[in-house]
Each structure stands twice: as C-alpha cells, then as structure tokens.
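To start, the structure under review is shown below, and the notes come after it.
Numbering (this note's numbering), first residue to last: 785 to 1117.
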C-alpha cells in the first residue's frame, strides 16, 4: 500500500504548513516512510524553484520521499495557466504511479485537487480530502488580486465536485463539518474532525526562560503586545494597528510603556511600516520583525498579551487557527 499525500504550500512555519507536517508525521509513523509519498506543489511568483529548494532542505531529512513541484501562481496567466499547471500534475502522477497498485490518495482542497480527483477515479483508488478553508473566502478576499471571475467560479466548482466525489473528509472543526454538509449535502460521506494542534515542545510556559528573554530584549519594564501571523485582509491588520494606536493614547500607557512586536513576512514590511507611521506609531512603540519558526515560541513566551482579530466571515467561523493554540500554550491572554 502506498499513501500519496498531495499538498500545496510555499512557506515553512505558517499554520497551514504546520498542519501538513502533523498529518505527514502521523502517516509516516503509522505506515512507515517507504509507504508514504509526499508531493508538495509550490506556487509562487518569480522563481518558485528557489522555494522548492528551500522547502526541500527543511523537510527532506524527515521525509525522504518528499517531492516538490514548482508552479508559478495561476493568477499571473489566468485560466490557461491554471489548466496547464493541473495538466502537469496529472502527467506527473500518471508516469510516477502508472505501475503502482494499492494507492490511497490524501489531498488538500486546492487547485491540485482536480487532477488528483480525475486520476484516482481512473485508478479507482480511495481519495480522502483535508479541508481548512472555503471557496467563498477566496472570492471575498482575493478579488483585488486581478483574478478572473471565471477562476472564482472554478474554485467553487472544484470545492463542490471534489468533496462530493471523495471517499472521506477531514474537517478542522464541527462548525466546518456542519456548514459543508448542509451546503453540498455531504452527510453520507465518512468524515472526521481533527482540530489543528500545537507542538508543546516549541510553545510552552517557562517563567525562568521568559524572564531571561525579556531581559535580553530590554522588555523588563514594558508591557509587550505581540502579533505573529500574516497580513491577509481577513486577519484584520488595519484594525490591530488602529486598536494598538488607541491604547498608546490612554493615560495608563505612560506607566506600562507599551510596545507592539509585529512578527510577519519580510515581504509585507514596507506596507506595514507605512500604516504604522500614518497612525503616529514611533520606533519606541512599534517594531517589525521576522523570525524562524523555531524562535517564535521564545518571543510569544516573553510577551504579555497577543493580538488575534478575525473578520466575521464563513472561513473564520469554521477555522481552527494554529496561532490561537500557540498563544495560549505560551501563556498569552
């Protein structure tokens, strides 16, 4: 038996990739590394092959049968490129597993799910789908990216057809399970709810280490807020910055000396810096930084309070943010 895990990511350390690692480690512990193939689609602008090499360096030691396929973001070339990318994946699967028997496919609900669905139906192999978002989120929050409306319709159609033709579904919350079963009439399909989990070896409370880190960073006499995450619209970055700016104007702020440590991708630094300056935040009140995944727990543990705001949309009603668990395990209110 060969488990073929197909996923799509271009970053290590984010909640989505952390969840993928959790599944990959579980499958490998149960079935063994020889019986697990991890095919990772790596989308991105510019030269995605560089991201493939970076991810390969991080994951190859732990997952010897991990394979990384570079693909340029379909939003650049539209539907034609979207079709070519998926055809490429189908051809890859065809030649790689043409003579293999007893295949079981595990896929995310991404663009890669189309060729996986077609291939597994042809091979009559079971398909299990992991769901961690909704197509309406893509429609609502990515319209500004310039993607064609026809691509959005394909996203919704993909979601409906892949789920309806799968052999098993994995949700991250009971709320997600309820919404999808009602929307697409999926109650007859076997399903499980597996919330996102947090590595308590990386994220934990240790008062001695906290004090040591705060002293090293010069935080001992300050009240430190922290944000660790992306800058997508649904993550409410503008609202977080605005709320923090209001907190700095309160009379109590003089005694607590507030500081917001904003941890995100370096590609977003310029945009966030402009927003913080418009709100009147100076370098003593606001700091931008990036950190390796292995270092994030250190900063969370040393802070006093964490920011997580989400828009009241379907995706956030059904989600299970990894970051929320990391905050709580680190002792952050």
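Just so you know, even glycine gets a beta-carbon here, dropped at the ideal spot from N, CA and C.
All of these numbers come straight from a predicted model, not from anything done at the bench.
| query | How big is the Cα-Cα spacing for residue 1011 and residue 805? | reply | It is roughly 23 Å from the alpha-carbon of residue 1011 to the alpha-carbon of residue 805.
| Close-in-space but distant-in-sequence residues of the same chain around residue 928 (CB under 6 Å, 5 per side omitted) | In this prediction, residue 928 scores a pLDDT of 49, lower than 50, which makes its location untrustworthy; no coordinate-derived value is stated.
| request: Would you mind sorting residue 1102 into buried or exposed? The rule is 16 or more other CB atoms within 10 Å of its CB. | output: Burial call: buried.
| request: Would you mind sorting residue 892 into buried or exposed? The rule is 16 or more other CB atoms within 10 Å of its CB. | output: The Cβ neighbour count for residue 892, taken over all protein chains shown within 10 Å, is at least 16; the residue is labelled buried.
| said: Please report the straight-line C-alpha distance between residue 876 and residue 900, rounded to a whole angstrom. | reply: Straight through space, the alpha carbons of residue 900 and residue 876 are spaced by roughly 11 Å.
| task | State the Cα-Cα distance for the pair residue 768 and residue 1105, rounded to the nearest angstrom. | result | One cannot answer for residue 768 here, as it falls past the ends of the chain, which runs 785 to 1117.
| message | Whole angstroms are fine: how far does the CA of residue 971 sit from the CA of residue 943? | response | Here the C-alpha atom of residue 943 lies approximately 16 Å from the C-alpha atom of residue 971.
| said: By the DSSP assignment, the beta strand (DSSP E) with residue 887 in it spans what residues? | reply: Following the DSSP letters along the chain, one finds residue 887 inside the beta strand (DSSP E) bounded by residues 887-892.
| Roughly how far, in whole angstroms, is the beta-carbon of residue 1032 from the beta-carbon of residue 1069, given that I think they are within contact range, below 8 Å? | Sure, about 6 Å apart at Cβ, within 8 Å.
| field | Simplified DSSP assignment, three categories, for residue 818 | value | The three-state secondary structure of residue 818, taken from DSSP, is helix.
| query | Using the C-alpha atoms, what's the distance from residue 1087 back to residue 1007? | reply | A straight-line Cα-Cα distance of about 8 Å links residue 1007 and residue 1087.
| Separation of residue 889 from residue 789, as counted between CA atoms | A straight-line Cα-Cα distance of about 6 Å links residue 789 and residue 889.
| Of the residues 1059, 938, 1009, which one's Cα is nearest the Cα of residue 1037? | Cα-wise, what sits closest to residue 1037 is 1009.
| message | Quick check on the burial criterion: 16 or more other C-beta atoms within 10 angstroms. Buried or exposed for residue 914? | response | By the Cβ-count criterion, residue 914 is buried, with 16 or more other Cβ atoms from all chains shown falling within 10 Å of its own Cβ.
| Simplified DSSP state of residue 1010, which is helix, strand or coil | DSSP places residue 1010 in strand when its eight states are reduced to three.
| query | If we count Cβ pairs, one from each stretch, closer than 8 Å, do we get three or more for the stretch 980-988 versus the stretch 1023-1031? | reply | With the cut-off at 8 Å, the stretch 980-988 and the stretch 1023-1031 do not touch.
| field | Residue closest to residue 1110, alpha-carbon to alpha-carbon, out of 1082, 848, 813 | value | Of the listed residues, the one whose Cα sits closest to residue 1110 is 1082.
| Quick one: what's residue 852 bridged to in DSSP? | According to DSSP, which records beta bridges pairwise, residue 852 is partnered with 824.
| said: Considering only heavy atoms of the ligand GTP, does any lie closer than 7 Å to the CB of residue 948? | reply: Absent from the structure shown: the ligand GTP. Ligands present: none.
| field | residue 1120, DSSP secondary structure in three states | value | The requested residue 1120 does not occur in the structure, where the chain is confined to residues 785 to 1117.
| Assuming residue 819 contacts residue 853 under a Cβ cut-off of 8 Å, what Cβ separation, rounded to an integer in Å, is found between them? | In this structure residue 819 does not touch residue 853 by the C-beta definition: roughly 21 Å separates them, more than the 8 Å allowed.
| Beta-carbon gap between residue 950 and residue 1001 smaller than 8 Å | At a Cβ-Cβ threshold of 8 Å, residue 950 and residue 1001 do not count as neighbours.
| said: Using the Cβ count rule (16 or more neighbours within 10 Å means buried), how would you classify residue 871? | reply: Counting of Cβ neighbours within 10 angstroms places residue 871 among the exposed residues, the total staying below 16.
| message | As an exercise, report each continuous beta strand (DSSP E) stretch of at least 3 residues that is fully enclosed by the stretch 968-1021, in chain order. | response | If only uninterrupted beta strand (DSSP E) runs of at least 3 residues are considered, those enclosed by the stretch 968-1021 are 975-977, 1008-1012.
| said: Just to confirm the assignment, what range does the beta strand (DSSP E) spanning residue 1046 have? | reply: Boundaries of the beta strand (DSSP E) harbouring residue 1046: 1043-1047, taken from the DSSP string.
| field | For residue 960, the nearest candidate out of 948, 946, 952, 979 (CA to CA) | value | Closest option to residue 960, Cα to Cα, is 979.
| Span of the alpha helix (DSSP H) around residue 1127 | Residue 1127 lies beyond the range of the chain shown here (785 to 1117); nothing can be said about it.
| query | So which of 841, 821, 898, 1043 has the shortest CA-CA distance to residue 887? | reply | Ranking the options by Cα distance to residue 887, first place goes to 821.
| field | Opening and closing residue of the beta strand (DSSP E) in which residue 1100 lies | value | No beta strand (DSSP E) contains residue 1100, which is instead part of the alpha helix (DSSP H) from 1098-1102.
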